[in-house]
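Visitor: After the structure tokens below, expect a handful of questions from me.
Numbering (this note's numbering), first residue to last: 60 to 266.
What follows is the structure, encoded as structure tokens:
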């Protein structure tokens, strides 16, 4: 299955090569192995694979995770449906949107209040739909899925998530801490690239 078939947008392809070159510490690989095992088990059983990345506001880390996981799954030809959600509705943070654009994704926008962003990784694939929503929003229509908890607050404040087959903590530091500082752009890009690296690693391990 690890055959790259999609034709990535050129700037995105460069970002992905950079992400692949990053070193992932052993302790993170142990965290990611739980997610790898879940995905492999679904693939082996020929069951539908649904991943719901959950963070409090569904505005930064869970959006990065959904977009990069779907891109990695498509890149390695793993049939997966990657969603995201939160426990409060806000908006896909504009700083995170700009970081995604800098990574090489093509992005279009619909609406002004909690807009929907259509994120393209290639000219040939359907866009990834990205906007802030609750984890059980109708668009996250899977009945059985893994809840991938990308922040500590959501993990600790969502004791029960209906439909969850597996609850997998894969936590990331919040780039929000650097909002309105000189490091803002670089820290958003750093977090996005880390998530890209780890999602590419996860899907590259699926056979």
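The beta-carbon is built from N, C-alpha and C at its ideal position, and this holds for glycine as well. Keep in mind it's a predicted model, so treat the numbers as computed, not measured.
1) Counting only the same chain and skipping the five closest in sequence on each side, list residues whose C-beta sits under 6 Å from that of residue 206.
2) Is residue 133 buried or exposed, if buried means 16 or more other CB atoms sit within 10 Å of its CB?
3) Give a yes or no on whether the C-beta atoms belonging to residue 129 and residue 187 are separated by under 9 Å.
4) If you draw a straight line from the C-alpha of residue 69 to the C-alpha of residue 214, how long is it?
5) Roughly how far, in whole angstroms, is the beta-carbon of residue 262 from the beta-carbon of residue 100, given that I think they are within contact range, below 8 Å?
6) Nearest by alpha-carbon distance to residue 78: which of 183, 256, 145 is it?
7) Could you say which of 89, 248, 185, 238 lies nearest to residue 161 if we only look at CA atoms?
8) Evaluate contact between the stretch 171 to 182 and the stretch 88 to 107, counting only Cβ atoms and requiring at least three cross-stretch pairs below 8 Å.
9) Using the Cβ count rule (16 or more neighbours within 10 Å means buried), how would you classify residue 233?
10) Leaving out five residues before and five after residue 167 in sequence, what residues of the same chain have Cβ atoms less than 6 Å from its Cβ?
11) Would you mind listing the beta strand (DSSP E) stretches within the stretch 89 to 135 that are 3+ residues and don't spill past its ends, in chain order?
Guide: To lay it out plainly:
1) These residues qualify, in order along the chain: 111, 113, 220, 223, 226.
2) The residue in question, residue 133, is buried, as its Cβ has 16 or more Cβ neighbours within 10 Å.
3) Taking 9 Å as the Cβ cut-off, residue 129 and residue 187 qualify as a contacting pair.
4) Going from the Cα of residue 69 to the Cα of residue 214 covers about 36 Å.
5) Contact between residue 262 and residue 100 fails: their C-beta atoms lie close to 14 Å from each other, not under 8 Å.
6) The candidate whose alpha carbon is nearest that of residue 78 is 256.
7) Nearest to residue 161 by C-alpha distance, out of 89, 248, 185, 238, is 248.
8) As far as the Cβ criterion goes, the stretch 171 to 182 does not touch the stretch 88 to 107, which means the pair count is below three.
9) So residue 233 counts as buried.
10) Result list for residue 167: 177, in chain order.
11) Taking 3 residues as the minimum length, the beta strand (DSSP E) runs contained wholly in the stretch 89 to 135 are 109 to 113, in order along the chain.
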